[in-house]
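Start counting the sequence shown at 798; every next residue gets the next number (this note's numbering). We treat Cβ as the ideally placed atom computed from N, Cα and C, and that holds for glycine. One structure is given below, encoded as C-alpha cells.
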Amino acid sequence: MAQLISGKEISAAIRAELKEETARLKEQDVVPGLAVVLVGDDPASKVYVRNKKRACEELGYYSEEHTLPADTTQEQLLELVKRLNGDERIHGILVQLPLPRQIDEQSVIAAIDPDKDVDAFHPVNVGRIMIGDYRFVPCTPAGVIELLERSGVELEGKECVVIGRSNIVGKPMAMLLLHKNATVTICHSRTKDLADVVRRADVVVVAIGRPKFLTGDMLKKGAVVIDVGTSRLPDGKLCGDADFVSCEAVCSQITPVPGGVGPMTITMLMKNTLTAAKMRAGL
Ligand code: GUN
C-alpha cells in the first residue's frame, strides 16, 4: 500500500507559517493585500474566488474581489488592472482564467505589474523562472514541489516525468524540477509510447485533465505519483488524472484527489502575495 501525501495537512502547516509571518509583518505596518478579478459567472471560478477570499481572512491579509459582467470589454478590464497596479494596498493581482472570448488573455496578463503578478504568468516572470532567478512561482507547480519536499522525496538526479505541457502547470513544473537537479521529461498528447517513458520515472506529475489516465501498469514499482487533475465524473464525484486504485498498488507515495494538490494551490498564492508585500516594503 502506498503512503498518502496529504495536501490538506501540508497546506495547513504552511498556512500556519504564513500566518505567523503575517503577524510579524503587521508589527511593521505591512499588511499583504490581494485583489482577485473575476469576469463572468463560471461556477467553478466563483468557488475558487470564494476560497481565495477565505484564505485571506484566515491569514489576516487585506483582500478585494472584483466581479465584472461576462460582457466586459478588454479595455474595461485593462483599466481595472491599471488601477490595481497603482493601488498601494494591493500587492498581488490575480485575474481568474479562463476569460470570456472577447478578451485576449495574454494582453491582460502582460498588463499586470510583474511585481504584483502572484500567478507568475507575466512573460517577465516566466522568463525569470526559465533562468532560475525568480520570486514568484506559479501556484500549482510550487505546491507540487512543496508536497514532494515535505514528504521527503529526493529529487536530485531522479527521473521525473511530467505529463502535460500547459503554460500554467506542465511547462513551469518541468522547470522547477530541473532547478532541483532532476532529469526531466515532458510527455503530452503526441508523445509516442508514453507508457514506456512514464515507466522510467521515479516521480510522475500528471496534469492533462483526463480522468484516470495514468494507470498502475504504466508505473515503475515504488514511483511517486503527483496527481494535478481534478475532473468531475457523471456521478458528481471528483476524480484525478491517475487511476488511484491501480496506481496505489504499484507506487510508494501518491496524492489523493481531492485533498492532494488542490489545497496547495491557494496556499502558494498566499505565499506569493506575502513575498510581493515584503518586496514592496524592501524586506
Ligand atoms: N484558473 C485555473 N487555475 C488558475 C490559476 O492558477 N490562476 C488563475 N489566474 N486562473 C486560474
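Where the beta strand (DSSP E) through V833 begins and ends: 830-836
Reduced DSSP category for S860 - H, G, I as helix; E, B as strand; rest coil: strand
Pairwise C-alpha distance: G1057 and G889: So the alpha carbons of these two residues sit roughly 25 Å apart.
Cβ distance (whole Å) where P938 is taken to contact V966 below 8 Å: Contact holds; Cβ gap of about 6 Å.
For V846 and L835, believed in contact at Cβ under 8 Å, the rounded distance: 5 Å
Beta carbon of V878 nearer than 8 Å to that of V921: When the beta-carbon positions are compared, V878 and V921 stay at least 8 Å from each other.
Bounding residues of the alpha helix (DSSP H) (the contiguous stretch that carries I807): 804-823
Any non-hydrogen atom of the ligand GUN within 7 Å of V892 CB: The answer is yes for V892.
Through-space distance from K1068 to Q871, alpha-carbon basis: So the two alpha carbons sit approximately 29 Å from each other.
Residues that DSSP places opposite L865 in a beta bridge: V836
Residues sharing a beta bridge with G889, DSSP: L831
First and last residue of the uninterrupted beta strand (DSSP E) at D914: No beta strand (DSSP E) contains D914, which DSSP labels as neither H nor E.
Beta-ladder partner(s) of T1070, from DSSP: Per DSSP, none; premise fails for T1070.
Residues near D901 by beta carbon distance below 8 Å, same chain, minus five either side: Q871
Where S948 sits in the DSSP three-state scheme: coil
Contacting residues, own chain, Cβ-Cβ under 6 Å from A1004 (five flanking each side not counted): G961, V966, G967, V1025
Separation of N978 from A1046, as counted between CA atoms: Their backbone Cα atoms lie some 28 Å apart in a straight line.
Simplified DSSP assignment, three categories, for I900: coil
C853 Cβ short of 7 Å to the ligand GUN heavy atom set: False, no ligand heavy atom lies under 7 Å from that Cβ.
Secondary structure, alpha helix (DSSP H): runs of 4+ residues fully inside the segment 964-1025: 967-976, 991-995
First and last residue of the uninterrupted alpha helix (DSSP H) at C1048: Careful: C1048 lies outside any alpha helix (DSSP H) and carries neither H nor E.
Own chain, CB closer than 7 Å to H919, minus 5 neighbours either side, in chain order: I906, A907, I909, P911
Y931 versus L973: straight-line alpha-carbon distance, rounded: 11 Å
Through-space distance from A1074 to A813, alpha-carbon basis: 18 Å
Euclidean distance between Cα positions of D1032 and P1055: 15 Å
Neighbourhood of G830 by C-beta distance below 6 Å, restricted to the same chain and skipping five residues each side: Y859, R886, I887, H888
Check whether I1023 and V941 have beta carbons under 8 Å apart: yes
Near the ligand GUN: T937 beta-carbon under 7 Å from a heavy atom: yes
Proximity of E956 and R987 at Cβ, strictly below 8 Å: Taking 8 Å as the Cβ cut-off, E956 and R987 do not qualify as a contacting pair.
Continuous beta strand (DSSP E) stretch holding V958: start and end: For V958, the enclosing beta strand (DSSP E) has its first and last residue at 956-960.
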